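Remarks on the structure that follows.
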Ligand SMILES: [Zn+2]
């Protein structure tokens, strides 16, 4: 008997130790806060089946808890704003007093009036709007796990502080900015958790498999998409943002395990010049509240030494150009459940506690600074409108007279940000550029969001600092390769805020002879792929010609009918053309001015079987951008070929293999790749993969080295000195040879291109081998050091080499950057479909 009790006792101790080791109770998390709770509100543990911090929360359990909370608390409502790529709900909690909830639409309306009015003097009756968002990088999980505690605390606490807070504040709680990434990471951390928690950083628990949980389904860094808004998660979020225009938006992240805790302000000299100085002063005032709370729980922290507020596509910077205050939090990551660090053993619960504490200190700051923040927002929009009035009757025009879809995709970004724009009254020529009605739009400067518009459209080449946390340029009309001008008379404007559902496109007439499709429209590759999949013949024109008084440019696609299946061909093409915003011309004759349709200068295009190399050693971002482009825009199947399967895979059927930026292949795989190219394959290699191409003796590039010796650079300055020689991301002008098939579909002699590498390839001595070449003054927007700029001039971003029957197409720049660089996607497509003609 005694033995049995003893045995039970020992077991109990053992489990107690275990649970102390692995998790904490609510008293641990709320140690610094008042903690009397309404017992009718379920704790997280009672729903998810474990204490917060004991396991990594999966997204589905998180949703389950939040729904329960909304069901049981009259302070909380929940809405589903859409779905991720993996069909996970994008939920949002609205948390405020019961009283405010009964009046929420009116509160929202009043809050919006604040940014639209010129005569508000008393801010006392407006609640503050605070948007708190978590774990946009899925493998930075302490934020989302802390959101359970925050939601519970706000719903259940009976403290006077919370009562007061909820009367004066509307909290928009976004518990998981990136549901697909969070789920992927939780799966990793939980399935690799040790029963005996092991803090050894070498344990598999702390070393995720490629590509990790940071990104969303297509491996995008979601925290770069707040401005371009290309991804479903961002679209839902920006919609909420515009519905409420929050005064504070917080963005809870994690950083390296050996760090401590960071809160903004970031590095002062790296704040974007369009951000008002008062914004950073308010950020500093809010920071004082984090200081106080973190001091009390004994947690180390820092600010102003790293991270910045430059790129408006990040969550903590986007509010700064929208009349709010964005705040970044970075917590040292335990990654899994516990890990050794420079600051001793770092437990997952401790990281969660810090995030919860910073969320509470934000709310305390909000209540205290409420009127300052509301007044700041009011003045921000008042100033913006005044600036707009000064620009009188002026606007920004953008468009591409040959590519409507691409133009519409930029206009869609404006719509998502609730920026007004107009169609043209009629076609016009402005400063030498031809703008066509329905293919160009005008944005009036005299509108509320002028500052945001400037942030999207400006080009900037002078900077206070030479270091950037992220890209230094994102000028949208350059990213789309559109014609544009910052100053046009609004008298040219016609209808406002178009709906794009009205299709422009289709087949001009039914014919038994042939159809012609120019190559400029954005979705022509999608149509071509459908045509080839339908086993129809398609040929590309290597020269220009005129037929029926219409000029057809280089790259026009010829689809012969041969007097067969006349109706079904017409119906098939007409449907495709309508769906994709494309005009396809029916012609009854092969006789043209220039090459005739039977000419040998029309070359047959073969069906393509494409593989994209992915996996360890490859840039997941670069891989994901290409996967996303083909899968969601062009509907072209490509095989994601994991490099770990490359040696055993049968690759002989692939016509093209795309090799995004990578460390390269091992020697066995290199031999296999070389043989495949020699047998007729086309390898398209990007950025760092070129180093492997050169090492493998496939191509000799003659990379231009930047020679530099540090002069008057101290040890302290060394790291910044090297960083200033990087190209974090800037936009450059290249001149193109429009007769070369790699450039088919571009109508101008020069285009803009995005570069974030320092690989410079010398131009070939024969000019016809340089279809794309950096211009004499290539910098259009962004930062590049003087040395690098000198090196870049007249080098080439793209090189084509033959190897027996095959080809290697080498590209140093990124043609698919972050899903919003629509303007250079066609270079990659041309490299695939027209490589037989090079
Ligand atoms: Zn992060």
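In this note's numbering, the protein residues as written are 1127 to 1964.
From the three backbone atoms N, C-alpha and C, an ideal C-beta is built for every residue, glycine too.
Note that the structure is a prediction, hence the values are computed from the model and not measured.
- Any beta strand (DSSP E) of 3 or more consecutive residues that is wholly inside the segment 1728-1783: Segments of the beta strand (DSSP E) lying fully in the segment 1728-1783: 1728-1730, 1736-1740 and 1764-1768.
- Query: Given a threshold of 16 other Cβ atoms within 10 Å of its Cβ, counted over all protein chains shown, does residue 1127 qualify as buried or as exposed?
  - Reply: In this prediction, residue 1127 has a pLDDT of 40, which is less than 50 and means its spatial position is unreliable; nothing more can be read from the coordinates.
- Opposing strand residues paired with residue 1609 [DSSP bridges]: Per DSSP, the beta-bridge partners of residue 1609 are 1525.
- Message: Looking only at its chain, what residues have a beta carbon closer than 8 Å to the beta carbon of residue 1095, apart from the 5 residues adjacent to it on each side?
- Response: Residue 1095 lies beyond the stretch modelled for the chain, which goes from 1127 to 1964, so this question has no answer here.
- Would you say the beta carbon of residue 1334 comes nearer than 7 Å to a heavy atom of ligand 1? no
- Check whether the Cβ atoms of residue 1561 and residue 1523 sit closer than 8 Å, and answer yes or no. yes
- Message: Considering only the alpha carbon of each residue, which of 1158, 1316 and 1812 lies closest to residue 1424?
- Response: 1158
- Item | Outcome for residue 1426 when other beta-carbon atoms lying within 10 angstroms are tallied against a minimum of 16 | exposed
- Is there at least one non-hydrogen atom of ligand 1 closer than 7 Å to the beta-carbon of residue 1349? yes
- Task: Examine the Cβ distances between the segment 1369-1381 and the segment 1456-1475 and report whether three or more of them are shorter than 8 Å.
- Result: Yes: the two stretches touch, three or more of their Cβ pairs being nearer than 8 Å.
- Query: If you check the beta carbons only, do residue 1185 and residue 1271 fall under 8 Å apart?
  - Reply: no
- Query: For residue 1180, is the beta carbon positioned less than 7 Å from some heavy atom of ligand 1?
  - Reply: No - ligand 1 has no heavy atom lying nearer than 7 Å to the Cβ of residue 1180.
- Query: Does the Cβ of residue 1351 have 16 or more other Cβ atoms within 10 Å, making it buried, or fewer, making it exposed?
  - Reply: buried
- Query: Can you tell me whether residue 1330 is buried or exposed, with buried defined as 16 or more other CB within 10 angstroms of its CB?
  - Reply: With a 10 Å radius around the Cβ and a threshold of 16 neighbouring Cβ atoms, residue 1330 comes out exposed.
- Task: Identify whether residue 1886 lies in helix, strand or coil by the three-state DSSP scheme.
- Result: coil
- Query: Does the beta-carbon of residue 1247 have 16 or more other beta-carbons within 10 angstroms, so that it is buried, or is it exposed?
  - Reply: exposed
- Quick one: is residue 1609 buried, meaning 16 or more other Cβ sit within 10 Å of its Cβ, or exposed? buried
- 8 Å contact criterion, which residue 1707 and residue 1649 should meet: CB distance rounded: That pair is a contact at about 6 Å.
- Task: Write down the C-beta distance between residue 1927 and residue 1933 rounded to the nearest angstrom, noting that I regard them as a contact closer than 8 Å.
- Result: 7 Å
- Message: Is the separation between the beta-carbon of residue 1883 and that of residue 1938 shorter than 8 Å?
- Response: yes
- Message: If you reduce the DSSP assignment to three classes, tell me which class residue 1851 lands in.
- Response: coil
- Task: Check each residue's C-beta against every heavy atom of ligand 1 and list, in chain order, those closer than 5 Å.
- Result: 1263, 1266 and 1379
- Task: Give the secondary structure of residue 1963 by DSSP, where H, G and I count as helix, E and B as strand, and everything else as coil.
- Result: helix
- Query: Which one of 1475, 1187, 1160 and 1502 has the shortest CA to CA distance from residue 1451?
  - Reply: The option with the nearest alpha carbon to residue 1451 is 1502.
- residue 1148 versus residue 1469: straight-line alpha-carbon distance, rounded: For residue 1148, the predicted structure reports a pLDDT of 46, less than 50, and the residue's modelled location is therefore unreliable. The matter cannot be settled from this model.
- Message: Between which two residues does the alpha helix (DSSP H) holding residue 1150 run?
- Response: Taken as a continuous stretch (DSSP letters only), residue 1150 belongs to no alpha helix (DSSP H), as it is neither H nor E.
- Got a sec, what are the start and stop residues for the alpha helix (DSSP H) residue 1511 sits in? 1496-1516
- Exposed unless 16 or more other CB atoms sit within 10 angstroms - verdict on residue 1392: With 16 or more other Cβ atoms inside 10 Å of its own Cβ, residue 1392 counts as buried.
- Report the three-state DSSP secondary structure of residue 1934 (helix, strand or coil). strand
- Query: Counting Cβ pairs closer than 8 Å, one from the segment 1790-1797 and one from the segment 1818-1828, do we hit at least three?
  - Reply: These segments touch.
- Message: Would the segment 1425-1442 count as touching the segment 1397-1414 if we require 3 or more Cβ pairs under 8 Å?
- Response: yes
- Query: Which of helix, strand or coil does DSSP assign to residue 1104?
  - Reply: Any property of residue 1104 remains undetermined from this structure, which presents the chain solely from 1127 to 1964.
- Count the C-beta pairs between the segment 1492-1501 and the segment 1522-1536 that are closer than 8 Å, then say yes if the count reaches three, no if not. Result no; under three Cβ-Cβ pairs closer than 8 Å.
- Query: Given residue 1812, which residues of its chain have a CB within under 6 Å of its CB, disregarding the five upstream and five downstream residues?
  - Reply: 1786, 1787 and 1937
- Task: Kindly indicate the opening and closing residues of the alpha helix (DSSP H) around residue 1209.
- Result: Per DSSP, residue 1209 belongs to no alpha helix (DSSP H); it is in the beta strand (DSSP E), 1202-1209.
- Item | Neighbourhood of residue 1337 by C-beta, 6 Å cutoff - its chain only, sequence neighbours within 5 removed | When the five nearest sequence neighbours on each side are left out, the beta carbons in the same chain lying within less than 6 Å of the beta carbon of residue 1337 are those of 1345 and 1746, in order along the chain.
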